[in-house]
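This report concerns only the one structure given below.
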Amino acid sequence: FPVFQEGHRQDVETVWKYLENYYNLGNDTEVKNLSGKELMAEKLKEMQQTFGLKVTGKSDPETLRVMSNPRCGVSDVTP
Amino acid sequence: EAINSNNPRWTKTHLTYSILNYTPLLPRAVVDQSIAKAFRVWSDVTPLTFSRVFDEEGDIVLSFYRGDHGDNNPFDGPLYRLAHAFQPGPGIGGDVHFDLDERWTDTSENFNLFYVTAHELGHSLGLTHSNDIGALMFPSYTWYVDDFVLNQEDINRIQALYGPSPNPIQPTGATTPRLCDSPLSFDAITTFRGEVIFFKGRFYIRVSRAMPEPELNLIGILWPALPGKLDAVYEVSMADKAYFFKGNRVWAVREQSVQEGFPTDIYSYFGFPSSVTHIDAAVCEEETGKTYFFVDDKYWRYDEYNKTMDSGYPKLIADDFPRVGNKVDAVFQNKGYFYFFHQSTQYRFNLQTRMVDAIRHSNTWFNC
């Protein structure tokens, strides 16, 4: 991770956890030859597409807002 | 169709279910009814049947848990993760777990147990999440209203796994509007604080100069107290208010809140005669404060300043709005024009010349 300001770091941790839970981020880190940052951007794009958001690959405020919505605990990607 | 990897599905069509425990926030009978109703969502559209068992574990076990409950998917207290379910299979397969810490309801208040159960049972039967915001299988909890209708995408996906319902009358579901595929018809259209909002079924389509693409979402996300399938909507911009109509009821809204005293009936509030049972379309002419209500082939005029119906109405639409036709689905004002919509066509009516000067497809506002 780059150096984040306080608050921003918490956002990144929230996003990382969300993508681990619902977009298979942790498992794919080992499979795909990408850095954590690249993989996170790829997964963010996938998430943004699913939710009809602007696909930026970045954790913009709208993406964070959708991530904080109540939801089903089943992941959005298999398995 | 998007289903789980390896296409897990139940190989039998008759499944049993059992309810292990209950939330203390609802009477047991309400939980039982909510769960039974959720099973009917899926049995109505497939050959699957479900029956409850009491003395043994069902194929699908439904239960409420708090926090870590030993399945590697801990719950997290109120909000956020509401529930989860396991894909078809023996043992834990098909089971549904609810977070005991949520406030479960049988109303439109968060979180409606029937709605969440119906979603989770989709997973129990083998469906993954959908990216169609109108689908039951969309991952986020969306606003629940009493007139729940399964989305056609959910029907297509479950029928891809289990086949169609044996019912001679095949069920059809609601569809999410596809803005650019072909011209659409609309239930209602209004300006709203400098933007234009189109209404179709449970959805709104918001068009703003600040956004390159229109925003499609559920009406309930913006206005939880409003019903879907509205008849008409208009804005009184000088009062920063909008009126929403369905049948003979009207809701006055400012920002996201329904005003006190609403919904009420159109007879006592506007002075319509009892023969008027609905409003097809409405628009307030900003410059004059006169609101036009279109009902079948006639229109009424209402004065927003005096709060009274103008005398001499109703009149025939065809007489005063030539070439617009005899029926209006939706209308709104943009600058010096009224834009009338009927089926998939829009008519631009010049308020100066009182003539239609352009006829186009209805979806020209979506930057297709």
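Residue numbers (this note's numbering), protein chains in the order written: chain A, 18 to 96; chain B, 7 to 374. From the three backbone atoms N, C-alpha and C, an ideal C-beta is built for every residue, glycine too.
For residue j and residue i, the rounded distance between their alpha carbons
| i | j | result |
| --- | --- | --- |
| A89 of chain B | K62 of chain A | 25 Å |
| P87 of chain A | F117 of chain B | 9 Å |
| I225 of chain B | V59 of chain B | 39 Å |
| K333 of chain B | I365 of chain B | 15 Å |
| E79 of chain A | Q358 of chain B | 42 Å |
| V67 of chain B | P96 of chain B | 11 Å |
| K206 of chain B | E62 of chain B | 46 Å |
| V256 of chain B | N162 of chain B | 36 Å |
| F251 of chain B | V47 of chain B | 29 Å |
| G90 of chain A | F81 of chain B | 8 Å |
| H135 of chain B | M143 of chain B | 5 Å |
| W149 of chain B | Y353 of chain B | 34 Å |
| G64 of chain B | R15 of chain B | 16 Å |
| F21 of chain A | E30 of chain A | For F21 of chain A, the pLDDT reaches just 47, beneath the cut-off of 50, and the residue's location in the model is therefore unreliable, leaving the point undetermined. |
| M361 of chain B | V301 of chain B | 20 Å |
| F299 of chain B | P220 of chain B | 27 Å |
| L222 of chain B | S85 of chain A | 20 Å |
| H34 of chain B | P218 of chain B | Residue identity differs from the one stated: residue 34 of chain B is Arg in this sequence, not His. In a straight line, the C-alpha of R34 of chain B is about 49 Å away from that of P218 of chain B. |
| F355 of chain B | E55 of chain A | 52 Å |
| P233 of chain B | D316 of chain B | 29 Å |
| Y35 of chain A | F209 of chain B | 27 Å |
| N6 of chain B | T29 of chain B | It is not possible to answer for residue 6 of chain B, since the shown part of chain B is limited to 7 through 374. |
| A91 of chain B | N137 of chain B | 18 Å |
| I285 of chain B | F346 of chain B | 14 Å |
| V213 of chain B | K71 of chain A | 15 Å |
Assigned exposure category for residue i - 16 Cβ within 10 Å defines buried
| i | result |
| --- | --- |
| A324 of chain B | exposed |
| S57 of chain B | exposed |
| Q339 of chain B | buried |
| A141 of chain B | buried |
| M57 of chain A | buried |
| G169 of chain B | exposed |
| F18 of chain A | Unreliable positioning characterises F18 of chain A in this predicted model, as indicated by a pLDDT of 41, which lies under 50. The coordinate reading is nonetheless provided below. Under this definition F18 of chain A is an exposed residue. |
| N369 of chain B | buried |
| L21 of chain B | buried |
| H129 of chain B | buried |
| R72 of chain B | exposed |
| E7 of chain B | With a pLDDT of 49 at E7 of chain B, under the threshold of 50, the modelled position of that residue is not reliable, and the figure given next carries that caveat. Exposed, since its Cβ has fewer than 16 Cβ neighbours within 10 Å. |
| L167 of chain B | buried |
| L322 of chain B | exposed |
Local conformation of residue i per DSSP, three classes
| i | result |
| --- | --- |
| Q352 of chain B | strand |
| L1 of chain B | Residue 1 of chain B lies beyond the residue range present for chain B, which begins at 7 and ends at 374; the question has no answer from this structure. |
| N38 of chain A | helix |
| V264 of chain B | strand |
| K71 of chain A | coil |
| N50 of chain A | coil |
| M217 of chain B | coil |
| I285 of chain B | coil |
| L222 of chain B | strand |
| S24 of chain B | strand |
| S57 of chain B | strand |
| W257 of chain B | strand |
| F18 of chain A | Note that F18 of chain A has pLDDT 41, beneath the 50 cutoff, so the model's placement of it is unreliable and the number below is only indicative. Correct three-state label for F18 of chain A: coil. |
| A231 of chain B | coil |
| M143 of chain B | coil |
| Y343 of chain B | strand |
| V151 of chain B | coil |
| V32 of chain A | helix |
| K62 of chain A | helix |
| T370 of chain B | helix |
| E55 of chain A | helix |
The beta strand (DSSP E) enclosing residue i, as first and last residue numbers
| i | result |
| --- | --- |
| N340 of chain B | A336 to N340 |
| M361 of chain B | M361 to H367 |
| F251 of chain B | K247 to K252 |
| K304 of chain B | K304 to D309 |
| H129 of chain B | First-last for H129 of chain B: L119 to S130, but that is the alpha helix (DSSP H), not the beta strand (DSSP E). |
| T297 of chain B | K296 to V301 |
| R87 of chain B | R87 to A91 |
| F276 of chain B | From DSSP, F276 of chain B is part of no beta strand (DSSP E) but of the alpha helix (DSSP H) over I272 to F276. |
| Y319 of chain B | Run containing Y319 of chain B: none; DSSP gives neither H nor E here. |
| I203 of chain B | E201 to K206 |
Listed by chain order, chain D residues near residue i by CB distance under 9 Å
| i | result |
| --- | --- |
| I139 of chain B | Given the protein chain composition of this structure (A and B), no chain D is represented. |
Where the alpha helix (DSSP H) through residue i begins and ends
| i | result |
| --- | --- |
| N137 of chain B | Run containing N137 of chain B: none; DSSP gives neither H nor E here. |
| R46 of chain B | R34 to S49 |
| R163 of chain B | Q158 to Y168 |
| V83 of chain A | P78 to M84 |
| A324 of chain B | I323 to D326 |
Please identify, using Cβ separations under 7 Å, the residues of the segment 144-162 of chain B that lie next to chain A, in order along the chain.
Of all residues in the segment 144-162 of chain B, P145, S146 and Y147 have a Cβ within less than 7 Å of some Cβ in chain A.
Residues of the segment 72-92 of chain A with Cβ closer than 9 Å to any Cβ of chain B, in chain order
Cβ contacts with chain B: V83, S85, N86, P87, R88, C89, G90, V91 and S92.
To be precise: take each residue of the segment 83-99 of chain B, compare its Cβ to all Cβ atoms of chain A, and keep it if any distance is under 7 Å. Which residues remain?
Cβ contacts with chain A come from L85, Y86, R87, L88, A89, H90 and A91.
Of all the residues that make up the segment 106-133 of chain B, which are near chain A by a beta-carbon distance shorter than 9 Å?
Cβ contacts with chain A come from E108, N116, F117, V122, H125, E126 and H129.
Could you please tell me which residues of the segment 64-80 of chain B, in chain order, have their CB closer than 7 Å to any CB of chain A?
Cβ contacts with chain A: N79.
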